[in-house]
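What follows is a single structure, written as structure tokens, with notes after it.
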Amino acid sequence: AQKITQTQPGMFVQEKEAVTLDCTYDTSDPSYGLFWYKQPSSGEMIFLIYQGSYDQQNATEGRYSLNFQKARKSANLVISASQLGDSAMYFCAMRERSGGYQKVTFGTGTKLQVIP
Amino acid sequence: SQTIHQWPATLVQPVGSPLSLECTVEGTSNPNLYWYRQAAGRGLQLLFYSVGIGQISSEVPQNLSASRPQDRQFILSSKKLLLSDSGFYLCAWRRTTGGKGSEQFFGPGTRLTVL
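So this is what it looks like as structure tokens:
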């Protein structure tokens, strides 16, 4: 079974509009963390936002917010007021305990294109 | 501040040739270190991770190997490259203690093309 599932291979959004990128996860570890990363065409991976499994409130970082629905095992990324520079690949990732160590698993990514 | 370096940035190698990619981290000690591969247009695949010197865990069977000869040095190697080894290789580190969410910090990557 997939640990991290991103069902949207590609998304388009109009500049200044909000967009939601979907992510669902699967783990039996009660203490896990969820991350979103941005990868522009240059290839670098940029950390955006983090949500811990015990965090009561949804994480927010500037224009990024994480819609964490624990019962549904979903951790969708919401980008408000999209900008042209937001065009990139976006990866959802999960950190969990595995064999006594912390392991991070990435989804397959969503390619976001912001339209002027 | 912490930085992570990878080299080379790009590499073109013939099939059957050896490979050595190097990753070093500065400004932190005893980090967890990771090697990922990203095929063109695909997600990241975890290849190896290391929690300490000489401690390597392999996630997938393959013709690649990893070594950690020093605390902040992580090396990805192959004795004979395959065409399927082409991809973008990313090294990452993570604090073993503290840090908000213990996120991974990534290096700039190495783009490997096997011909």
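Protein chains in written order, with this note's numbering: chain A, -9 to 106; chain B, 257 to 371.
Note that the Cβ used here is the ideal one computed from N, Cα and C, for glycine as well.
Quick caveat: nothing in here was measured; it's all calculated off a predicted structure.
Asked, Found
"For a contact defined as C-beta to C-beta under 9 Å, what are the partners of B:P364 on chain A?", "S32, G33 and E34"
"Are the C-beta of B:L337 and some C-beta of chain A separated by less than 7 Å?", "no"
"For chain B, find out if any of its Cβ atoms is closer than 7 Å to the Cβ of A:D98; answer yes or no.", "Note that residue 98 of chain A is Thr in the sequence shown here, rather than Asp. A:T98 counts as touching chain B."
"Following the continuous beta strand (DSSP E) through B:V316, name the residue where it begins and the one where it ends.", "Premise fails: B:V316 is in no beta strand (DSSP E) and is neither H nor E."
"Where does A:L102 sit, in a helix, a strand or coil, going by DSSP?", "strand"
"Count the C-beta pairs between the stretch 339 to 355 of chain B and the stretch 68 to 84 of chain A that are closer than 8 Å, then say yes if the count reaches three, no if not.", "no"
"Answer yes or no: does any C-beta atom of chain A fall closer than 7 Å to that of B:V307?", "yes"
"Do B:T369 and B:S342 have their C-beta atoms closer together than 7 Å?", "yes"
"Check whether the stretch 288 to 296 of chain B and the stretch 42 to 55 of chain A are in contact - that is, three or more C-beta pairs closer than 8 Å.", "no"
"Can you tell me whether B:G343 is helix, strand or coil according to DSSP?", "strand"
"Closest to B:S333 by CA distance: which of B:T366, B:V307 and B:D327 is it?", "B:T366"
"With a threshold of 8 Å on Cβ separation, who are the neighbours of B:A265 within its own chain once the five nearest residues in sequence on each side are excluded?", "P364, G365, T366 and R367"
"Got a sec: is the Cβ-Cβ distance from B:G283 to anything in chain A below 7 Å?", "no"
"In this structure, does DSSP put A:G97 in helix, strand or coil?", "coil"
"If A:Q(-4) and A:C13 are in contact, beta carbons under 8 Å, what's the gap, nearest whole angstrom?", "6 Å"
"Taking the straight line between their C-alpha atoms, what separation do you get for B:A269 and A:S70?", "The sequence shown places Gln at residue 269 of chain B, not Ala. Each residue's alpha carbon lies about 43 Å from the other."
"Tell me the DSSP bridge mates of A:K60?", "Partner(s): none; A:K60 has no beta bridge."
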